[in-house]
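> Each step along the sequence shown adds one to the number in numbering that gives the first Met the number 0, with nothing skipped, and position 286 is 285.
For each residue, glycine too, the CB sits at the ideal point set by N, CA and C.
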Amino acid sequence: MTGAIGTSQENGASATQPFNYFETVEDGLVCLPEGAAPVYWWLNRQGVSEDFTALYRTEEVFGLWPSRRDITQTWTFGLEIEFGAANREWIASELHARGIAAVAEPRRRHTLRSPGSWTVEFDPALTWELGGSEAWPGTSFPLGGEVVSPALSDTPETWEQVSTVLEVLRSCGADVSGKCGFHVHFAADALRDGDAAASAKGRQDAFLTRITRLAVLANACFEDVLFRMASAEGGCHRGQPFIYRHSPPRRDEYWSFDEPAQSFDGTGSSRQAVLNLTDVGSREKDIIEFRQSNGTLDRRVVQAFVSACAALIGGARWSPEAVLVSPEPLGYHLALE
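#1: Tell me the rounded alpha-carbon separation between Q271 and L311.
#2: Pick helix, strand or coil for F226, following the three-state DSSP scheme.
#3: Taking all protein chains shown into account, do 16 or more other C-beta atoms lie within 10 angstroms of the C-beta of F159, making it buried, or fewer, making it exposed?
#4: Which partner residues of H182 appear in the DSSP bridge assignment?
#5: Which of the three DSSP states is assigned to R108 in this structure?
#6: With a CB to CB cut of under 7 Å and the five nearest residues on each side skipped, what residues in its chain are close to T163?
#7: With DSSP collapsed to three states, give me the class of V279.
#8: If you draw a straight line from the alpha carbon of S292 to that of L111, how long is it in whole angstroms?
#9: Does the separation of the CB atoms of E327 and E166 fall below 8 Å?
#10: In three-state DSSP terms, what is I99?
#11: Of the choices H95, W317, S113 and V147, whose alpha-carbon is the least far from that of E120?
#12: Within 10 Å of its beta-carbon, does H182 have 16 or more other beta-carbons around it, so buried, or fewer, so exposed?
#13: Near T118, which residues of its chain fall below 6 Å by C-beta distance, leaving aside the five closest residues on each side in sequence?
#14: Going by DSSP in three states, A310 sits in which element: helix, strand or coil?
#15: Roughly how far, in whole angstroms, is the beta-carbon of A84 from the beta-carbon of G143, given that I think they are within contact range, below 8 Å?
#16: How big is the Cα-Cα spacing for R299 and R56?
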């Protein structure tokens, strides 16, 4: 039985004792027993082919609310796919040859990107140099990095591009390690009404209410299943220090764009919070970032997690009653066993 957000009352535990089922193992990963089950449950709900493998869709991935398709088709999102092992210069060259990347070489992180094109970037936290052997003295091969998408929308072209990018990564020898993550960005406008909907104050009030709901849904109501889905293949989550996980008390309302980010991130304004709201309201990039997911090169897992993020945003916008469900903090499923 759950009590306040982030707490449990099970097997005689105190009602104020927080769940914490992180189990640090030798390689620094975090294991959640049977953590892969929700991933395959979600994938199988997307549709099953004759050989019982989950299908990858190219249409209506955000078609969770058919009557609101005119709105969801305007939502834009972006992907950051971190990888290890493969030569990032080879990957950049291959993506450029296929017309997906504007340049044939990697760029440094946060440099100016070409609109509408994917970019291979150098990430110091993920990269290393292979070389210096007797056979090739003075040579080195830069390995690891991340592929960053342009602004995408729910169209067949988008999902075909995503599939191609992941195919290129795999064919170039990329893999994912405990350091790799998969990050999903949504433009914050997905939670805003159009200019004609209400007064400026009314629009801001509605937006702040929705961003608050989103934080409650992601960080409290469905935290457990999101982390289990984010574990993807194998059921092990990379955990800290790559992300910060929080289940803080809920507040009834917020009065500025900054307050939800501050409230749902105990370190202040950390960009490594699992739900990163630090860019909301920014003139440079007004986005909501979901950082829960492990790295993956499986297009089905990528699509399923993007769809889950869209479901959270839609729930925050159109289903206010969703925040009234009993919170399920990390480890909740273990208390049911």
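Working from what's here:
#1: In the sequence shown, the residue the question calls residue 271 occupies position 272. In the sequence shown, the residue the question calls residue 311 occupies position 312. If you take the alpha carbons of Q271 and L311, they lie about 19 Å apart.
#2: Residue 226 sits at position 227 when you count from the first residue of the sequence shown. Three-state DSSP puts F226 in a helix.
#3: Numbered from its first residue, the sequence shown carries residue 159 at position 160. Note on residue identity: the sequence assigns Glu, not Phe, to residue 159. Per the 10 Å Cβ criterion, exposed.
#4: What you label residue 182 is simply residue 183 of the sequence shown in a count that begins at 1. Looking at the DSSP assignment, H182 forms a beta bridge with E79.
#5: To locate residue 108, count along the sequence shown from 1; it is residue 109. Three-state DSSP puts R108 in coil, outside helix and strand.
#6: Along the sequence shown, read from residue 1 onward, the residue named residue 163 stands at position 164. Same-chain partners within the cutoff: R97 and I99.
#7: The residue given as residue 279 occupies position 280 in the sequence shown. DSSP places V279 in coil when its eight states are reduced to three.
#8: Residue mapping note: residue 292 aligns to position 293 of the sequence shown, counting from 1. Residue mapping note: residue 111 aligns to position 112 of the sequence shown, counting from 1. In a straight line, the C-alpha of S292 is about 26 Å away from that of L111.
#9: Numbered from 1 along the sequence shown, position 328 holds the residue referred to as residue 327. Numbered from 1 along the sequence shown, position 167 holds the residue referred to as residue 166. Against a cut-off of 8 Å, the Cβ pair of E166 and E327 comes out as no contact.
#10: Position 100 of the sequence shown holds residue 99. In the structure shown, I99 sits in coil (DSSP, three-state: anything other than H, G, I, E or B).
#11: Position 121 of the sequence shown, counted from the first residue, corresponds to residue 120. If we check each option's Cα against that of E120, V147 comes out closest.
#12: Your numbering for residue 182 matches position 183 in the sequence shown. Buried: at least 16 other Cβ atoms inside 10 Å.
#13: Working through the sequence shown from its first residue, we reach residue 118 at position 119. Closer than 6 Å at the Cβ level, and outside the excluded window around T118, lie R106, R112 and V147.
#14: One-based indexing of the sequence shown puts residue 310 at position 311. Here A310 sits in helix by DSSP.
#15: Along the sequence shown, one-based indexing puts residue 84 at 85. Along the sequence shown, one-based indexing puts residue 143 at 144. Going by Cβ atoms, the distance from A84 to G143 rounds to 7 Å, so yes, they are a contact pair.
#16: Stepping through the sequence shown from its first residue, residue 299 is reached at position 300. Stepping through the sequence shown from its first residue, residue 56 is reached at position 57. Those two C-alpha atoms are separated by around 9 Å.
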